[in-house]
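Numbering (this note's numbering), first residue to last: 1 to 275.
Quick look at the structure:
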């Protein structure tokens, strides 16, 4: 009686069916979980925590300054909202920048992009969380300003004056969100905390000064400034009541300064190596 001889080759042929078995399909990580993780990361670091805490501290100090130093006829909500809005315009973009650049400066991207290879989803989660934090922070700051208005009126013995319409408050929130997104865009584009923060300072302070001087001495630039100067167009949101032409100029300048650089930055992030 003959005996079958099993060789390594026949073993491979015998098990070839099991080797070609389809791999199980894993469900993608839900976007809500990504957003929750990114929200926790904004609070976990010391810099992120104190930046967010600084929003409440700055709003409280600005409100107290108006109560103490402003005269009786200046105890109106518009002054409280303006005083609170200035530190928000500085802090919120920095928070958005650090939410992106920390993946490279702290090398946490080695873990983040290994667990979620689709970097676009990670950036989208960061952007959504940054906008939500910005809106909530602005509402909190405006609430502190409203309490300051009531307290200031009581201290100075005057009636509270609510000289801001809800539509104007909404445009102020929009202006700060656009500033936050500009910081987010610089973070995606440069992926370095010092470089992105420096670029934002140049954008927020140096560019408007140079553009204002150019518009003052060159009439041709004054005519087109709103179309090419996003900072100038978005500043009008603090005054409220924009016309259709001003909204159009805001959209075109935002496309130049915000949308196009953000698209370029996302493409670079998808190809860049995290070291």
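We treat Cβ as the ideally placed atom computed from N, Cα and C, and that holds for glycine.
#1: Mind checking which residues open and close the alpha helix (DSSP H) that includes residue 150?
#2: Can you tell me whether DSSP reads residue 274 as helix, strand or coil?
#3: Among 188, 169 and 168, which one has its Cα closest to the Cα of residue 126?
#4: Thinking just about the alpha-carbon of each residue, which of 30, 128, 51 and 158 is nearest to the one in residue 177?
#5: Within 10 angstroms of the Cβ of residue 229, are there 16 or more other Cβ atoms? Answer buried if so, exposed if not.
#6: In whole angstroms, what separates the C-alpha of residue 118 from that of residue 162?
#7: What does a CB cutoff of less than 8 Å around residue 17 pick up in its chain, not counting 5 residues either side in sequence?
#8: Whole-angstrom Cβ separation of residue 172 and residue 81, contact assumed at under 8 Å?
#9: Please report how far the alpha carbon of residue 242 lies from the alpha carbon of residue 234, in whole angstroms.
#10: Going by Cα to Cα distance, which pick from 237, 46, 192 and 170 is closest to residue 101?
#11: Can you tell me the Cα-Cα spacing of residue 244 and residue 255, whole angstroms?
#12: Figure out for me which residue from 185, 41, 240 and 78 has the closest Cα to the Cα of residue 111.
#13: How big is the Cα-Cα spacing for residue 232 and residue 206?
#14: Provide the residue span of the alpha helix (DSSP H) that contains residue 277, from first to last.
#15: For residue 263, which residues of its own chain have a beta-carbon under 7 Å away from its beta-carbon, when the five flanking residues on both sides are left out?
#16: Hey, residue 237 and residue 175 are a contact pair by Cβ (cut 8 Å); roughly how many whole angstroms apart?
#17: Can you list, in chain order, the residues of its chain with a C-beta nearer than 8 Å to that of residue 79? Leave out the 5 residues immediately preceding and following it.
#18: Let me know the secondary structure DSSP gives residue 76 once reduced to three states.
#19: Does the distance from the C-beta atom of residue 158 to that of residue 72 stay below 7 Å?
#20: Residue 142: buried (16+ other C-beta within 10 angstroms of its C-beta) or exposed?
With the given structure in hand:
#1: Residue mapping note: residue 150 aligns to position 150 of the chain shown, counting from 1. It spans 119-156 - the alpha helix (DSSP H) in which residue 150 sits, taken as one unbroken run.
#2: Within the chain shown, residue 274 is the residue found at index 274, counting from 1. Correct three-state label for residue 274: coil.
#3: Mapped onto the chain shown, residue 126 falls at position 126. When only C-alpha atoms are compared, the closest one is 188.
#4: Within the chain shown, the letter at position 177 stands for residue 177. Checking every option, the nearest Cα to that of residue 177 belongs to 128.
#5: Position 229 of the chain shown, counting from 1, holds the residue named residue 229. Buried is the call here.
#6: The sequence position of residue 118 within the chain shown is 118, counting from 1. The sequence position of residue 162 within the chain shown is 162, counting from 1. Distance between the alpha carbons of residue 118 and residue 162 is about 47 Å.
#7: Residue numbering aside, residue 17 sits at position 17 when the chain shown is read from its first letter. Confidence at residue 17 is low in this model, with a pLDDT of 48, below 50, so the placement of that residue should be treated as unreliable; the coordinate-derived value is given next. Answer for residue 17: no residue qualifies.
#8: Working through the chain shown from its first residue, we reach residue 172 at position 172. Working through the chain shown from its first residue, we reach residue 81 at position 81. That belief holds up - the Cβ atoms of residue 172 and residue 81 are roughly 7 Å apart, short of 8 Å.
#9: Taking the first residue of the chain shown as 1, we reach residue 242 at position 242. Taking the first residue of the chain shown as 1, we reach residue 234 at position 234. About 10 Å.
#10: If you number the chain shown from 1, residue 101 lands on position 101. Looking from the CA of residue 101, the closest CA among 237, 46, 192 and 170 belongs to 192.
#11: Taking the first residue of the chain shown as position 1, residue 244 is located at position 244. Taking the first residue of the chain shown as position 1, residue 255 is located at position 255. Near 17 Å, if we compare the C-alpha coordinates of residue 255 and residue 244.
#12: Along the chain shown, read from residue 1 onward, the residue named residue 111 stands at position 111. Among 185, 41, 240 and 78, the Cα nearest to that of residue 111 is on 41.
#13: Numbered from 1 along the chain shown, position 232 holds the residue referred to as residue 232. Numbered from 1 along the chain shown, position 206 holds the residue referred to as residue 206. A direct Cα-to-Cα measurement between residue 232 and residue 206 gives close to 12 Å.
#14: Because residue 277 is not part of the residues shown, which for the chain are 1 to 275, the question remains open.
#15: Along the chain shown, read from residue 1 onward, the residue named residue 263 stands at position 263. Here the set comprises nothing.
#16: Start at 1 with the first residue of the chain shown, and residue 237 comes out as number 237. Start at 1 with the first residue of the chain shown, and residue 175 comes out as number 175. Between residue 175 and residue 237 the Cβ distance is about 4 Å, and since that is below 8 Å, they are a contact.
#17: Position 79 of the chain shown, counting from 1, holds the residue named residue 79. Residues 66 and 70 of the same chain have their beta carbon placed closer than 8 Å to that of residue 79, with the five preceding and five following residues left out of the count.
#18: Mapped onto the chain shown, residue 76 falls at position 76. Strand at residue 76.
#19: Sequence index remark: in the chain shown, residue 158 carries index 158 (1-based). Sequence index remark: in the chain shown, residue 72 carries index 72 (1-based). Yes.
#20: Counted from its first residue, the chain shown places residue 142 at position 142. Classification for residue 142: buried.
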